[in-house]
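Okay, structure first, notes after.
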Amino acid sequence: GEDVEQSLFLSVREGDSSVINCTYTDSSSTYLYWYKQEPGAGLQLLTYIFSNMDMKQDQRLTVLLNKKDKHLSLRIADTQTGDSAIYFCAESGSGGYNKLIFGAGTRLAVHP
Amino acid sequence: NAGVTQTPKFQVLKTGQSMTLQCAQDMNHNSMYWYRQDPGMGLRLIYYSASEGTTDKGEVPNGYNVSRLNKREFSLRLESAAPSQTSVYFCASRPGDWQPQHFGDGTRLSIL
Chain A
1 GEDVEQSLFL
11 SVREGDSSVI
21 NCTYTDSSST
31 YLYWYKQEPG
41 AGLQLLTYIF
51 SNMDMKQDQR
61 LTVLLNKKDK
71 HLSLRIADTQ
81 TGDSAIYFCA
91 ESGSGGYNKL
101 IFGAGTRLAV
111 HP
Chain B
1001 NAGVTQTPKF
1011 QVLKTGQSMT
1021 LQCAQDMNHN
1031 SMYWYRQDPG
1041 MGLRLIYYSA
1051 SEGTTDKGEV
1061 PNGYNVSRLN
1071 KREFSLRLES
1081 AAPSQTSVYF
1091 CASRPGDWQP
1101 QHFGDGTRLS
1111 IL
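So the protein lines, in turn, are chains A and B. Going by the working numbering, the first sequence opens with residue 1, and the numbers climb by one from there. Going by the working numbering, the second sequence opens with residue 1001, and the numbers climb by one from there.
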């Protein structure tokens, strides 16, 4: 079945790069997404990548997709304290109306 | 532009009570979704509506009903609340296939 896995916790020093990893199972997924959730808030779309792309860059964010290994990563350059949040990977999956399949989320803690 | 608005933001219920969670979007999106978020489990789809007038079950529909009142509004009803339904509920919408979902800020529901 469809499944998305992420490591649950990542701690980085302010100014370093953060890399959050995700693996998924559905090879038919057309889009893969990264969402950010700050405490007490909803999910904010950070970026997404089409499955025929290997990389997408958007300011401090770089998404890498290895479709062969079904591995997705999100790199945040020059990580700041405001980046502390939970990051969710999601795949579009198969089936109707592009229902999203979410990972459990990676909690990113940024310390001085 | 309000985006996706959920009401109420917080609610405490007793076991057996009923409640309707409201969701409205002002982006003229076709599809709308209800998710629940539990610790360590990511988001799980309860019900979705691909377009006005249609609704379908998601991954965890038991104990819930939905109504797509019009294109803007999609409500979630708990007929007889149970402690296992204590969760954070998110509504989302999207304009069409392959487009990202946009989320509301959530309703935090506790059932005693």
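Backbone N, C-alpha and C fix where the C-beta goes; we use that ideal spot for every residue, glycine too.
Put simply, the region 1066-1074 of chain B does not touch the region 79-96 of chain A. Fewer than three CB pairs are less than 8 Å apart. Within the same chain, and ignoring the five residues on either side of residue 31 of chain A in sequence, the residues whose Cβ sits closer than 8 Å to its Cβ are 48, 49, 50, 51, 91, 92 and 98.
The C-alpha of residue 1036 of chain B is placed about 13 Å away from the C-alpha of residue 1063 of chain B. DSSP links residue 1007 of chain B through a beta bridge to B:1022. Residue 54 of chain A and residue 27 of chain A have their C-alpha atoms some 14 Å from each other. Taking the CA atoms as reference points, residue 1052 of chain B sits about 34 Å from residue 63 of chain A. Between residue 1020 of chain B and residue 1075 of chain B, the alpha-carbon positions lie close to 7 Å from each other. Of all residues in the region 9-31 of chain A, those with a C-beta nearer than 9 Å to a C-beta of chain B are 30 and 31, reading in chain order. If you ignore the 5 residues before and after residue 1013 of chain B, its C-beta comes within less than 8 Å of the C-beta of 1019, 1078, 1081, 1109, 1110, 1111 and 1112, all in its own chain and listed in chain order. At least one CB of chain A lies nearer than 7 Å to the CB of residue 1105 of chain B. Leaving aside the five residues that flank residue 1031 of chain B on each side, the residues in its chain whose CB is nearer than 6 Å to its CB run, in chain order, 1050 and 1094. Chain A places no beta carbon closer than 7 Å to that of residue 1076 of chain B, leaving this residue out of the contacts. Taking a beta-carbon distance threshold of 7 Å, residue 1041 of chain B counts as an interface residue toward chain A. Residues of the region 1086-1101 of chain B with a Cβ closer than 7 Å to any Cβ of chain A, in chain order: 1090, 1097, 1098, 1100 and 1101.
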